[in-house]
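Remarks on the structure that follows.
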Amino acid sequence: MYDYDHLEEIKVRRDDQKLYTFKKGDFKRLRLQDIKDMLLLLVQQKLTNLTIDERYSLNVALRVFTRQIVIQRRVEDLQLGVESYQKKLNLTKPDTFRSNLRKRTAYTAYPDPKGVIYKDQMNRNRLMRADELHKFNDGMLDDVRSALNDITKGIRMEYIPMRKWSNLDKKRARVMVQDIDKQLYQRRLMRNLEKFVGGRKYGNDLRLLERTI
580 MYDYDHLEEI KVRRDDQKLY TFKKGDFKRL RLQDIKDMLL LLVQQKLTNL TIDERYSLNV
640 ALRVFTRQIV IQRRVEDLQL GVESYQKKLN LTKPDTFRSN LRKRTAYTAY PDPKGVIYKD
700 QMNRNRLMRA DELHKFNDGM LDDVRSALND ITKGIRMEYI PMRKWSNLDK KRARVMVQDI
760 DKQLYQRRLM RNLEKFVGGR KYGNDLRLLE RTI
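Numbering (this note's numbering), first residue to last: 580 to 792.
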């Protein structure tokens, strides 16, 4: 009806430098990074091995699949009561309180549940659980990440407790920084994919996607 061609399969080269073939039923196995990589190749017009019709079909398939991913993520967020990639507080509050946090040192690891102690806006010790990072807004994640990153690099800042940070403290801080970076990256990627399927032109698509990293 809309003159769309049928795309039989997509081949993806992943980090291991091996080619993987996906058909329509396999699209759910694709990672968001796979989608981003293919979109970048498409908007940068580097798929010279494909005909114009094949590139058009790939564009349609990626848009349809990306829209399905965005909708699925939105539904999951609603089920959790969470707006996981919006720059605002989430509807479901994270589990941040523990009775023994008052005497603990801020920005040190907490064992059970796994997480890190941080200072909230009222200068109170609170717990940021590693499995609840999606419940924190971007601003809070950035603040905690900055403090942990300063600790790993040995940078002395007024808001960081004056103490000697052990190698184990720095190692745990690096692990938490990596977890936060992964969460923030996924949010940026989802925002860019949302804008891509929103009907923007290729020029804007490219700038948005290139800013993902």
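Where is the CB? At the ideal position from N, CA and C, for every residue including glycine.
- Closest in alpha carbon position to ASP613, among ASP594, ALA752 and GLN762, is ASP594.
- Contact between the segment 671-681 and the segment 706-715 is present, with at least three C-beta pairs closer than 8 Å.
- Straight-line measurement puts the Cα of VAL723 at about 10 Å from the Cα of ALA752.
- Rounded to the nearest whole angstrom, the CA to CA distance from ARG766 to ALA640 is 22 Å.
- Here the C-alpha atom of GLY694 lies approximately 28 Å from the C-alpha atom of VAL649.
- Across the structure, ASN716 and MET701 are spaced so that their CA atoms are roughly 16 Å apart.
- Pairing TYR697 with ASP748, the inter-Cα distance amounts to about 14 Å.
- Taking the C-beta atoms as reference points, ILE739 is found nearer than 8 Å to TYR686.
- Assignment of PHE676 by DSSP, reduced to helix, strand and coil, places it in the coil class.
- The C-alpha of THR684 lies about 28 Å from the C-alpha of TYR764.
- Taking TYR599 as the centre and dropping the five residues before and after it, the same chain places the C-beta of LYS590, VAL591, ARG592 and ARG593 closer than 8 Å to its C-beta, in chain order.
- Per DSSP, reduced to three states, the secondary structure at TYR764 is helical.
- Here ASN702 carries a coil assignment [DSSP, helix/strand/coil].
- If only complete runs of 4 or more residues are kept, the segment 610-641 shows the alpha helix (DSSP H) at 611-622, in order along the chain.
- Rounded to the nearest angstrom, the gap between the Cα atoms of ARG703 and ARG681 is 8 Å.
- DSSP lists LYS590 as the beta-bridge partner residues of THR600.
- For MET719, the uninterrupted alpha helix (DSSP H) run begins and ends at 717-731, by DSSP.
- Here LEU768 is not near LEU620, since their CB atoms are 8 Å or more apart.
- Here DSSP, grouped into helix, strand and coil, assigns MET707 to strand.
- Closest in C-alpha terms to ARG770, from the list LEU720, TYR689 and ARG646, comes ARG646.
- When rounded, the separation of the alpha-carbon atoms in SER725 and LYS732 is 11 Å.
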